[in-house]
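A.B. asks: The structure that follows is given in the form of structure tokens.
There are 2 protein chains.
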Amino acid sequence: MGRTPAGETRERIFGFVRERLLAGQPPTTREVQRAFGFKAVQSARAHLEALVDEGRLAKEPGKARGYRLPRRGGAPTVLVPVLGRVPAGSLEAAVEDLDGYIPFQSRRSPGKLFGLRVKGESMLDAGILPGDLVIVRKQADADSGQIVVALVEDEATVKILRKRRNRIELHPANPRYPILLPDPHEVRILGKVIEVRRTLDV
Amino acid sequence: MGRTPAGETRERIFGFVRERLLAGQPPTTREVQRAFGFKAVQSARAHLEALVDEGRLAKEPGKARGYRLPRRGGAPTVLVPVLGRVPAGSLEAAVEDLDGYIPFQSRRSPGKLFGLRVKGESMLDAGILPGDLVIVRKQADADSGQIVVALVEDEATVKILRKRRNRIELHPANPRYPILLPDPHEVRILGKVIEVRRTLDV
DNA sequence: TCCTAAAACAGACAAATGTCTGGTATACTA
DNA sequence: TAGTATACCAGACATTTGTCTGTTTTAGGA
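Those protein sequence lines, which keep their order, are chains X and E.
Residue numbering for the first sequence follows the working numbering, starting at 5 and increasing by one per position.
Residue numbering for the second sequence follows the working numbering, starting at 5 and increasing by one per position.
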């Protein structure tokens, strides 16, 4: 076979491998070989190893389908359960009523996280719109000024936490909504909002 | 070895495999074996095959690392490249300057998507704050009213697209920012914003 | 022109991995 | 109580896949 211009085939191979890796299906050396019509495995392998040398690919030597995308400081991906509704009872019981799972990059255990869909416009000025999905880290307390999910009168609500002497206040981020001053025994902090997601279109 | 309660180990194996698949690293039969301390490969394999029979996993028989997540309804998770900065040249060249990858649920090819970090407060009223991460579907055009990423004077900007006769307008969602009226030859639409993400805390 | 490096090929070996056959022990149930 | 299904182990074989050595061809520069 005649040779192709320098670097051109390598670029196409990188694109091919990258697509496969992003789709979660690492290719084998021979799959690359076939995809590009090479008559020898080594032709594909030489390109792949060159890409590793260039730092554009990473690999686990000896392992089948061992090529990876070089991770520049990325945390692992976990699946976070999205709660359909938050019941009055324990948060653990809510696991029964799932809306599905969403991928999330975190070093934390997935059991310490949950997702929740936002209702109402009370957090508009904080850039949290109705229908947004918030990802929450479970914790029974939080610092003043942080955005939390609290259970008030059997309903989960997203608000800004303000701590006073013996009680807490739940502030909206929208002047048209009232500040909640719940009885200390009537409120429970479920966790702290650590991420906001909004889908604009499929 | 004593046996464990019915179905319990299987559930944990399913979780393990799913995590690995979502992280883009399909496990081998023996990796599952080691992860659960089985003394025989077949122990792991029996569970995996059972999960396939139950329809909870899919597989490509004979292939190394051939287990997959069955794709029914729910879209698969892909890793979307986050661009560090958007250069004047082609979008493809920007692949060189990556900020990492983020998991994203989509049926679309990962090559059609990219992530970008938002600068400035021009989209405040649309709930898009500085530092937010937008996920963008590559397309050279979009409908009027949609939020797009456009390249104006060698700089990527997130704005609301408005189409006029022979030109386009880029509207901010913040009255304190000006409407951009770029020369048709000086502007290029890179894609449409399909999701907004904001990290509040680690 | 000669030299060097890149690109590709040929053929093989070795390791990783998928698959299979047969066996033991325990729980549940008819 | 016998039967059946599940969970697990032991050992082997076959395929897939990674890796290696050596050769040929061509582009581009000294």
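We put the CB at the ideal spot given by N, CA and C, even for glycine.
Applying a beta-carbon distance threshold of less than 9 Å, which residues of chain E neighbour Lys-196/X?
C.D. replies: Leu-204, Asp-205
A.B. asks: By the criterion of Cβ-Cβ separation under 8 Å, what are the contact partners of Leu-133/E in chain X?
C.D. replies: The contact set of Leu-133/E on chain X, defined by CB atoms closer than 8 Å, consists of Gly-131 in chain order.
A.B. asks: List, from N- to C-terminal side, the alpha helix (DSSP H) runs of 4 residues or more that fit wholly inside the stretch 9–57 of chain X.
C.D. replies: 12–26, 33–40, 45–57
A.B. asks: For Leu-26/X, go through chain E and note every residue whose CB falls closer than 7 Å to its CB, in chain order.
C.D. replies: Val-82, Leu-83, Pro-114
A.B. asks: Using a Cβ-Cβ cutoff of 8 Å, what residues of the stretch 41–58 of chain E are near chain X? List them in chain order.
C.D. replies: none
A.B. asks: Would you call the stretch 186–202 of chain X in contact with the stretch 46–65 of chain E, where contact means no fewer than 3 C-beta pairs closer than 8 Å?
C.D. replies: Touching, no, given that fewer than three Cβ pairs across the two stretches are closer than 8 Å.
A.B. asks: So with Cβ pairs under 8 Å, would you call Glu-12/E a contact of chain X?
C.D. replies: no
A.B. asks: If you pair each beta-carbon of the stretch 157–169 of chain X with each one of the stretch 160–171 of chain E, do three or more pairs fall below 8 Å?
C.D. replies: no
A.B. asks: Report all residues from its chain with a CB closer than 6 Å to the CB of Gln-37/E; omit the five preceding and five following residues, and keep chain order.
C.D. replies: Cβ within range, chain order: Val-45, Ala-48.
A.B. asks: On the criterion of 16 or more Cβ atoms from any shown chain inside 10 Å, does Gln-143/E qualify as buried, or is it exposed?
C.D. replies: Label assigned to Gln-143/E: exposed.
A.B. asks: DSSP beta-bridge partners for Lys-63/X?
C.D. replies: Tyr-71/X
A.B. asks: With DSSP as the reference, identify every bridge partner of Ile-151/E, one or two as the case may be.
C.D. replies: Ile-164/E
A.B. asks: Between the C-alpha atoms of Phe-40/X and Ile-17/X, what's the straight-line distance to the nearest angstrom?
C.D. replies: 8 Å
A.B. asks: Consult DSSP for Asp-103/E and reduce its assignment to one of helix, strand or coil.
C.D. replies: Note: Asp-103/E maps to strand in three-state DSSP.
A.B. asks: Report yes or no: is there a C-beta of chain E within less than 8 Å of the C-beta of Glu-151/X?
C.D. replies: The sequence given here has Ile at residue 151/X, not Glu. Yes - at least one Cβ of chain E is within 8 Å of the one on Ile-151/X.
A.B. asks: With H, G and I counted as helix, E and B as strand and the rest as coil, what does DSSP make of Glu-190/X?
C.D. replies: helix
A.B. asks: Residues in its own chain within less than 8 Å of Asp-145/X by CB, not counting five upstream and five downstream?
C.D. replies: These residues qualify, in order along the chain: Ile-193.
A.B. asks: Find out if the Cβ-Cβ distance for the pair Leu-155/E, Val-197/E is shorter than 8 Å.
C.D. replies: no
A.B. asks: In the DSSP assignment, what residue or residues form a beta bridge with Gly-119/E?
C.D. replies: The bridge partners DSSP lists for Gly-119/E are Val-86/E, Ile-139/E.
A.B. asks: Can you give me the Cβ contacts of Val-152/E inside the same chain, cut-off strictly under 6 Å, excluding the 5 residues immediately before and after it?
C.D. replies: Ala-146, Leu-165, Ile-193, Lys-196
A.B. asks: What's the gap between the Cα of Phe-42/E and the Cα of Thr-33/E?
C.D. replies: 11 Å
A.B. asks: Under 7 Å Cβ to Cβ from Gly-124/E, same chain only, skipping five residues before and after it: list those, please.
C.D. replies: Pro-134
A.B. asks: Identify which residue in Asp-57/X, Gly-131/X, Val-21/X, Thr-81/X has its Cα closest to the Cα of Arg-72/X.
C.D. replies: Of the candidates Asp-57/X, Gly-131/X, Val-21/X, Thr-81/X, the residue whose Cα lies closest to the Cα of Arg-72/X is Val-21/X.
A.B. asks: Strictly below 9 Å CB to CB, what residues from chain X border Gln-143/E?
C.D. replies: Result: empty, since nearest Cβ-Cβ is about 11 Å, beyond 9 Å.
A.B. asks: Opposite Arg-202/E in the DSSP bridges: which residues?
C.D. replies: Residue pairing of Arg-202/E in beta bridges, as defined by DSSP: Val-200/X.
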